[in-house]
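Structure, as structure tokens:
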Amino acid sequence: MPNLATHIHFAMKSLPESIDQELTPIYLLGATTPDIRVITKENRSIYHFVDLDFKSVGEGIANMTQQFPEIHMLKNNDEIIKTFLTGYITHLVLDETWITTVFRKHFSGPNAFPESTPILIIDRAIQMYMDSKYWNSIESKISPIEQCNIEKVSLPFLSNDSINEWREWICNFLNLGFTWDRLNFMAKRISNGNIEDPAIPYTEQFLIDPIKNINNVFNFLPKNLLEEFEENSKQNIDNAIYGFLNEYH
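With numbering that gives the first Met the number 0 as the guide, the letters of the sequence shown map in order to residues 0 to 248.
What follows is the structure in structure tokens.
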């Protein structure tokens, strides 16, 4: 799934005009928060509200509001919570769009890559490439996220303490800047500690010249893959935000 920088980038592209400029950092923090499982160690579905075998884009939002119906009251009565939640749903939709339009179509079944290619590393490498494309657009957003007032931000499934801890973690992480070397960490996770897993040598070779090698990867994929993903994501996020902000219960 897309990484934090990419989530911030797409959230900015779909930033609703109704959100006050002073609250934009809270919206962007919300756009990263479903990945809080990085520090809580909980199952992904706890914060994304779908398992990976979900059927269609939008299920995460539907499941969240069904599981916690009080969210409707919170967003209708509190501008800060509404802003944070609006960012939160952009994350759910972007992940679901990636899974349905990119991962399932090109990486979860028969594919065009050589048989020995570790497909999960290819998936992660493309996500890293997106981060590299968008990094300049999100760097200026890190400090406002660090400094915004979130003392009133909590959800039925997330405490304010957890959100504060998450903010500290992501800002420390993002302030390190972009590096392709993070793909090594991803390879170790995919290999589950098995040094003989093909993901390890493939990643080492890939990182010798990541720009050349990511371009080689794209030779096996549809020419406009990322452009179509960007268009689909923007449309899906815009539609989700409109529905969420105009739904009253």
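Cβ atoms here follow ideal geometry from the backbone N, Cα and C, with glycine treated the same way. None of the values given here were measured: they were computed from a predicted structure.
C147, enclosing alpha helix (DSSP H) - first and last residue:
As a working mapping, residue 147 is identified with position 148 in the sequence shown. Per DSSP, C147 belongs to no alpha helix (DSSP H) and is neither H nor E.
Can you tell me which of M11, S107, G108 puts its alpha carbon nearest to the alpha carbon of T89? Taking the first residue of the sequence shown as position 1, residue 89 is located at position 90. Of the listed residues, the one whose Cα sits closest to T89 is M11.
Grouping DSSP H, G and I as helix and E and B as strand, with all else coil, what is L51?
-> In the sequence shown, residue 51 corresponds to position 52, counting from 1. In the structure shown, L51 sits in coil (DSSP, three-state: anything other than H, G, I, E or B).
| So which of S142, E246, R36 has the shortest CA-CA distance to I45? | For the purposes of this step, residue 45 is identified with residue 46 of the sequence shown, where counting begins at 1. It is R36 whose Cα lies nearest to the Cα of I45.
- Query: Does the Cβ of A111 have 16 or more other Cβ atoms within 10 Å, making it buried, or fewer, making it exposed?
  - Reply: The sequence position of residue 111 within the sequence shown is 112, counting from 1. Classification of A111: exposed, given that the 10 Å Cβ count is below 16.
Quick check on L73: does DSSP put it in helix, strand or coil?
The sequence position of residue 73 within the sequence shown is 74, counting from 1. Of the three classes helix, strand and coil, the one that applies to L73 here is helix, per DSSP.
**Report entry** Nonlocal neighbours in the same chain, by C-beta distance under 7 Å from P197, ignoring five residues either side
**Finding:** Here residue 197 is taken as the residue at index 198 of the sequence shown, counted from 1. Closer than 7 Å at the Cβ level, and outside the excluded window around P197, lie S115, P117.
Can you round the beta-carbon distance between F83 and V152 to whole angstroms, since I take them to be within the 8 Å contact cut?
On the sequence shown, position 84 is the one that residue 83 refers to. On the sequence shown, position 153 is the one that residue 152 refers to. About 5 Å; that satisfies the 8 Å criterion.
request  = Would you kindly check if the distance between the Cβ of V56 and the Cβ of T96 is under 8 Å?
outcome  = Sequence index remark: in the sequence shown, residue 96 carries index 97 (1-based). Sequence index remark: in the sequence shown, residue 56 carries index 57 (1-based). Yes, Cβ-Cβ distance for T96 and V56 is below 8 Å.
Quick check on L154: does DSSP put it in helix, strand or coil?
Taking the sequence shown and counting its residues from 1, the one referred to as residue 154 is at position 155. Strand at L154.
State buried or exposed for F243, treating a residue as buried only when at least 16 other CB atoms are found within 10 Å of its CB. The residue given as residue 243 occupies position 244 in the sequence shown. Burial call: buried.
Threshold first: 4 residues or longer. Then list the alpha helix (DSSP H) segments lying entirely within the segment 67-134, N to C. 69-76, 78-97
In three-state DSSP terms, what is S13? Indexing the sequence shown from 1 puts residue 13 at position 14. Note: S13 maps to coil in three-state DSSP.
Secondary structure of H248, DSSP reduced to three states
As a working mapping, residue 248 is identified with position 249 in the sequence shown. Annotation note: pLDDT 47 at H248 (below 50); position unreliable, no value reported.
Practice item. Look at W168 and I7 and say whether their C-beta atoms are less than 8 Å apart. Key: On the sequence shown, position 169 is the one that residue 168 refers to. On the sequence shown, position 8 is the one that residue 7 refers to. No. Outside cutoff.
Note to self: For a quick check, are the C-beta atoms of L51 and I80 less than 8 Å apart?
What the structure shows: Position 52 of the sequence shown, counted from the first residue, corresponds to residue 51. Position 81 of the sequence shown, counted from the first residue, corresponds to residue 80. Against a cut-off of 8 Å, the Cβ pair of I80 and L51 comes out as no contact.
Worksheet item: Helix, strand or coil: which one does DSSP assign to P24?
Response: One-based indexing of the sequence shown puts residue 24 at position 25. Residue state, collapsed to three classes: helix.
Coil, strand or helix - T178 by DSSP: Here the question's residue 178 lines up with position 179 in the sequence shown. Note: T178 maps to coil in three-state DSSP.
* How would you label S232, buried or exposed, when you count the other beta carbons within 10 angstroms and need 16 or more for buried? -> Here the question's residue 232 lines up with position 233 in the sequence shown. Buried, because 16 or more other Cβ atoms sit within 10 Å of the Cβ of S232.
| query | Should H248 go down as buried or exposed, given a rule of 16 or more other Cβ atoms within 10 Å for buried? | reply | By 1-based counting over the sequence shown, the position of residue 248 is 249. Reliability fails at H248, whose pLDDT of 47 lies under 50, so the model's placement of it is uncertain and the value that follows must be treated cautiously. The residue is exposed, with fewer than 16 neighbouring Cβ atoms inside 10 Å.
Quick one, are the C-beta atoms of P300 and L91 less than 8 Å apart?
-> This structure does not reach residue 300, given that the chain is present from 0 up to 248, and the question cannot be answered.
Starting from F172, follow the alpha helix (DSSP H) in both directions and report where the run begins and ends.
-> The residue you call residue 172 lines up with position 173 of the sequence shown. That run of the alpha helix (DSSP H) goes 159-173.
Quiz item: Rounded C-beta distance between G29 and H47? I'm assuming under 8 Å.
Solution: Within the sequence shown, numbered from 1, the residue matching residue 29 stands at position 30. Within the sequence shown, numbered from 1, the residue matching residue 47 stands at position 48. That belief does not hold up - the Cβ atoms of G29 and H47 are roughly 14 Å apart, past 8 Å.
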